[in-house]
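These protein sequence lines are chains L and V, in that order. Under my numbering, think of the first position of the first sequence as 1, with each following residue one higher. Under my numbering, think of the first position of the second sequence as 188, with each following residue one higher. No residue lacks a Cβ here, since even glycine has one placed at the ideal position from N, Cα and C.
Protein chains: 2
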Amino acid sequence: MTGHPRRSDALHNRARLIEAARALFDEVGTDAASMNDIARRAGVGPGTLWRHFPDKEALTAEVVGRSLDGLAALAAELLDGPGSPDFLREWVSTLVRHITRYRGLAVSYAQAARSGDGPLGARCRAVEEAAARLVERARERGQVRADLTAPELIRLATAVAWACETTAAPDTTTRLLDLLFEGVRPR
Amino acid sequence: MTGHPRRSDALHNRARLIEAARALFDEVGTDAASMNDIARRAGVGPGTLWRHFPDKEALTAEVVGRSLDGLAALAAELLDGPGSPDFLREWVSTLVRHITRYRGLAVSYAQAARSGDGPLGARCRAVEEAAARLVERARERGQVRADLTAPELIRLATAVAWACETTAAPDTTTRLLDLLFEGVRPR
DNA sequence: ACCTGAACACCGTTCAAGT
DNA sequence: ACCTGAACACCGTTCAAGT
Chain L
1 MTGHPRRSDA LHNRARLIEA ARALFDEVGT DAASMNDIAR RAGVGPGTLW RHFPDKEALT
61 AEVVGRSLDG LAALAAELLD GPGSPDFLRE WVSTLVRHIT RYRGLAVSYA QAARSGDGPL
121 GARCRAVEEA AARLVERARE RGQVRADLTA PELIRLATAV AWACETTAAP DTTTRLLDLL
181 FEGVRPR
Chain V
188 MTGHPRRSDA LHNRARLIEA ARALFDEVGT DAASMNDIAR RAGVGPGTLW RHFPDKEALT
248 AEVVGRSLDG LAALAAELLD GPGSPDFLRE WVSTLVRHIT RYRGLAVSYA QAARSGDGPL
308 GARCRAVEEA AARLVERARE RGQVRADLTA PELIRLATAV AWACETTAAP DTTTRLLDLL
368 FEGVRPR
């Protein structure tokens, strides 16, 4: 957890760094955006960036964190609500949209989910717990195979996101998700 | 196509470079193995490596080429032979085993398949053609959905390979392939 | 308490100089 | 005809020096 700074210039720099990272992630992806580029874009020295965020993962987590938290919130909503018949697919589709938001995010996400620690890993665990509850509900309703686990569903979704992140055609994602959900149905 | 050199020392260097690349790919993956490391390992200067292989893709293609060609050959065998009922799965499973041979290969493969040119891209096209014939045969026998295309099958297989390349558990691959083939079945 | 920017080891890549 | 290795711009990362 990166402790927020107290001084106002530090707070200002922190905000500028996140903004610069977001802009570069948008333009070239999380992988191609170098730490030095981000610092330059934010108008600060590299050292400033590294003290604010000890890791590129920490910076990535700061940029996509709110969106990841939103996934847990959406899961809670779907579980509380009247229950759309396709609620699991709706959630996984949102997850894939989230991962394909920035090129290179699928790799960061897979690594973080595997290691389980770090600022991204922690949020991945939360996402996985949300997925577990959704899968359980879907299983109760007979909408998915009885032996489907949440981790493997997420792994497949992440893989689909990875396969789609470079592809131009936008309907590719829908199509691969179709095939994925066909494979996950009962019997 | 990298024209093979004529002089015996050049031939020798070329062989040593391929051997060094293979060894480093084995140890750290195609991504982490740097060109300078490979040259150092082979006992030659970086310039020598770059003239033998103008690209890292060219070097990768040289290391995995024979194995990729084997996939086309296997496809021909499966089409000629008596026809095992699971011949498509057998082939895709071999493809996935091939891609997971070296860490980082899934990314190289996906890029090459998308661009379609370069030494790897050319071989990818051959693999895709082989897959097209296999999918057609499987469709005739009613073993796969009528709307399944070879490119998307390969995309999914590559994605599964990517998802499995860092995972320790070896049965993960089998499991994800199971789900994949469940999704690809008719109806 | 925080910022700066020079510095280090490394990367991919090139190319003049050698044999 | 081929090899060598110094060189360039860059990367991630650190840290002494400043305010």
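- Below the 9 Å Cβ cutoff, chain L contributes ALA159, VAL160, ALA163, LEU176, LEU179, LEU180 as neighbours of V/LEU343, in chain order.
- Within the same chain, and ignoring the five residues on either side of V/PHE240 in sequence, the residues whose Cβ sits closer than 8 Å to its Cβ are THR189, LEU204, LEU246, GLU249.
- Contact annotation for V/GLY370 against chain L: ASP178, LEU179, LEU180, PHE181, GLU182, GLY183, VAL184, ARG185 [CB-CB distance below 9 Å, chain order].
- In the DSSP assignment, L/LEU74 falls within the alpha helix (DSSP H) that extends over 56-80.
- Taking CB atoms only, V/THR360 has no neighbour in chain L less than 9 Å away.
- The C-beta separation of L/PHE25 from L/ALA15 comes to about 16 Å, leaving the pair out of contact by the 8 Å criterion.
- Sequence-distant partners of L/LEU134 (beyond 5 residues in either direction) whose C-beta falls short of 8 Å from its own C-beta, in its chain, are ALA75, LEU78, LEU79, PHE87, LEU88, TRP91, ALA150.
- The beta carbon of L/PHE181 is closer than 7 Å to those of ARG89 in its chain, skipping five residues each way along the sequence.
- Counting C-beta pairs with one atom in each stretch, the segment 277-297 of chain V and the segment 305-319 of chain V have three or more that are closer than 8 Å, which means they touch.
- L/ARG103 is a Cβ neighbour of L/THR166, given a cutoff of 9 Å.
- Exclusion of the five residues before and after L/ALA112 leaves GLU57, GLY118, LEU120, GLY121, CYS124 as the residues of its chain whose Cβ lies within less than 7 Å of its Cβ.
- Taking L/HIS98 as the centre and dropping the five residues before and after it, the same chain places the C-beta of SER67 closer than 6 Å to its C-beta, in chain order.
- Residue burial annotation: V/LEU198 is exposed, with fewer than 16 other C-beta atoms found within 10 angstroms of its C-beta.
- The beta carbons of L/ALA106 and L/THR158 sit closer together than 9 Å.
- With fewer than 16 other Cβ atoms inside 10 Å of its own Cβ, V/ARG193 counts as exposed.
- Residue state for V/ARG328 is assigned as coil, using DSSP reduced to three classes.
- Look at V/THR354 here: in three-state DSSP terms it is coil, with no helix or strand label.
- A straight line joining the alpha-carbon of L/GLY65 with that of V/ARG332 spans about 39 Å.
- In the assembly as shown, V/GLY370 is a buried residue. Its beta-carbon has 16 or more other beta-carbons within 10 Å.
- Under the three-state reduction of DSSP, L/TYR102 is assigned to coil, being neither helix nor strand.
- Taking 9 Å as the threshold, the shortest C-beta distance from L/GLN143 to chain V does not fall below it.
- Only residues of its own chain outside the window of five on either side were considered, and among them TYR102, ARG103, GLY104 have a CB closer than 7 Å to the CB of L/GLY29, listed in chain order.
- About 42 Å separates the beta carbon of V/ARG362 from that of L/GLU19, a gap too long to meet the 8 Å contact definition.
- In this structure, L/TRP162 lies near V/ALA350, with their beta-carbon atoms less than 9 Å apart.
- About 6 Å separates the CB atoms of V/THR360 and V/VAL283; that is less than 8 Å, so the two are in contact.
- L/ARG51 places its beta carbon 9 Å or farther from that of L/ALA110.
- By a beta-carbon distance limit of 8 Å, V/PRO272 does not contact V/GLY329. Their separation comes to about 11 Å.
- In the assembly as shown, L/ASN36 is an exposed residue. Its beta-carbon has fewer than 16 other beta-carbons within 10 Å.
- DSSP places L/THR174 within a helical segment (H, G or I) once states are collapsed to three.
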